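Just below is one structure, and these are the notes that go with it.
Chains as they are written, first to last, in the numbering used here: chain A, 600 to 711; chain B, 67 to 179.
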């Protein structure tokens, strides 16, 4: 089993749809979790951190389920500009001893 | 702030040649990361530095790869000799002390023929 797994997609959804991605991780000692967004031929950029209690930023909601070892990203009222690859990142290190594992990404295409 | 700066943006070289990639992190950031991204393997952490000291280089593929950070504002990743399987996009990222967000440079697209 890979340390971090994502459904590669692609997810094709119409504008206005709600779409959700999951990311599973194998190391139960993982400390922190993030979602990054990467546009085609660009660098990854932080979308949001994932907190234990769940967190929301506008149309985006991130959740952490430690029991089942997955994180999720929900996008509501999707826009054309949301089309991108969404990468989950899991840090299973502590303090300065970072052990960052990146998923391969989930591709999202929002269609008019 | 100019963000993380990488050079060159594109590099095409022949097998066996030495390749040097350069990175200038965001001023004030104390962590620097080198990544390699390919379609098959995704984003792989090669090495990271904290306060200019290499903390974890377990991701460096083999002895042909080396990285240095002589000061807080500059790092290099060197491949010698290069091989076609090294072809990838190499990203440098920096992070502040909050460990909350990595800022990536635009990447260097390396092609080894």
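All residues carry an ideal CB built from backbone N, CA and C; glycine is no exception. Remember, predicted model here, so these are calculated numbers, not experimental data.
Residues near residue i by beta carbon distance below 7 Å, same chain, minus five either side
i                     : result
residue 701 (chain A) : 603, 686 and 688
residue 138 (chain B) : 118
residue 172 (chain B) : 72 and 75
residue 103 (chain B) : 109, 154, 155 and 157
Residue i - partner residues in DSSP beta bridges
i                     : result
residue 622 (chain A) : A:605 and A:670
residue 78 (chain B)  : B:177
residue 212 (chain B) : The first residue shown for chain B is 67 and the last is 179, placing residue 212 (chain B) beyond what the model contains.
residue 708 (chain A) : A:611
residue 644 (chain A) : A:636
residue 163 (chain B) : According to DSSP, which records beta bridges pairwise, residue 163 (chain B) is partnered with nothing at all.
residue 110 (chain B) : B:102
Proximal residues to residue i (C-beta, below 8 Å), its chain only, five neighbours per side dropped
i                     : result
residue 120 (chain B) : 113, 114, 133 and 135
residue 651 (chain A) : 663 and 665
is_contact[residue i, chain B] using C-beta, thresh 8 Å
i                     : result
residue 704 (chain A) : yes
residue 626 (chain A) : no
residue 613 (chain A) : no
residue 696 (chain A) : yes
residue 648 (chain A) : yes
residue 597 (chain A) : Here chain A comprises residues numbered 600 to 711, so residue 597 (chain A) is not present and cannot be evaluated.
residue 634 (chain A) : no
residue 604 (chain A) : no
residue 798 (chain A) : Nothing about residue 798 (chain A) can be read from this structure; chain A reaches only from 600 to 711.
residue 663 (chain A) : no
Between the CA atoms of residue j and residue i - distance to the nearest angstrom
i                     : j                     : result
residue 140 (chain B) : residue 696 (chain A) : 21 Å
residue 621 (chain A) : residue 669 (chain A) : 7 Å
residue 615 (chain A) : residue 88 (chain B)  : 42 Å
residue 642 (chain A) : residue 170 (chain B) : 6 Å
residue 93 (chain B)  : residue 163 (chain B) : 12 Å
residue 619 (chain A) : residue 691 (chain A) : 24 Å
residue 640 (chain A) : residue 667 (chain A) : 33 Å
residue 77 (chain B)  : residue 97 (chain B)  : 25 Å
residue 81 (chain B)  : residue 105 (chain B) : 21 Å
residue 156 (chain B) : residue 657 (chain A) : 32 Å
residue 95 (chain B)  : residue 637 (chain A) : 22 Å
residue 653 (chain A) : residue 665 (chain A) : 11 Å
residue 627 (chain A) : residue 706 (chain A) : 26 Å
Closer than 8 Å to chain A by CB, residue i
i                     : result
residue 168 (chain B) : yes
residue 121 (chain B) : yes
residue 131 (chain B) : no
residue 140 (chain B) : no
residue 136 (chain B) : no
residue 172 (chain B) : yes
Among the options, nearest to residue i - alpha-carbon criterion
i                     : options                       : result
residue 676 (chain A) : A:693, A:643 and A:612        : A:612
residue 151 (chain B) : B:168, B:161, B:177 and B:71  : B:177
residue 109 (chain B) : B:179, B:165, B:166 and B:159 : B:159
residue 84 (chain B)  : B:148, B:102 and B:125        : B:148
residue 645 (chain A) : B:167, B:179, B:174 and B:175 : B:167
Beta-carbon proximity list for residue i, same chain, < 6 Å, skipping 5 on both sides
i                     : result
residue 143 (chain B) : 87, 100 and 133
residue 673 (chain A) : 619 and 660
residue 648 (chain A) : 633
residue 123 (chain B) : 113
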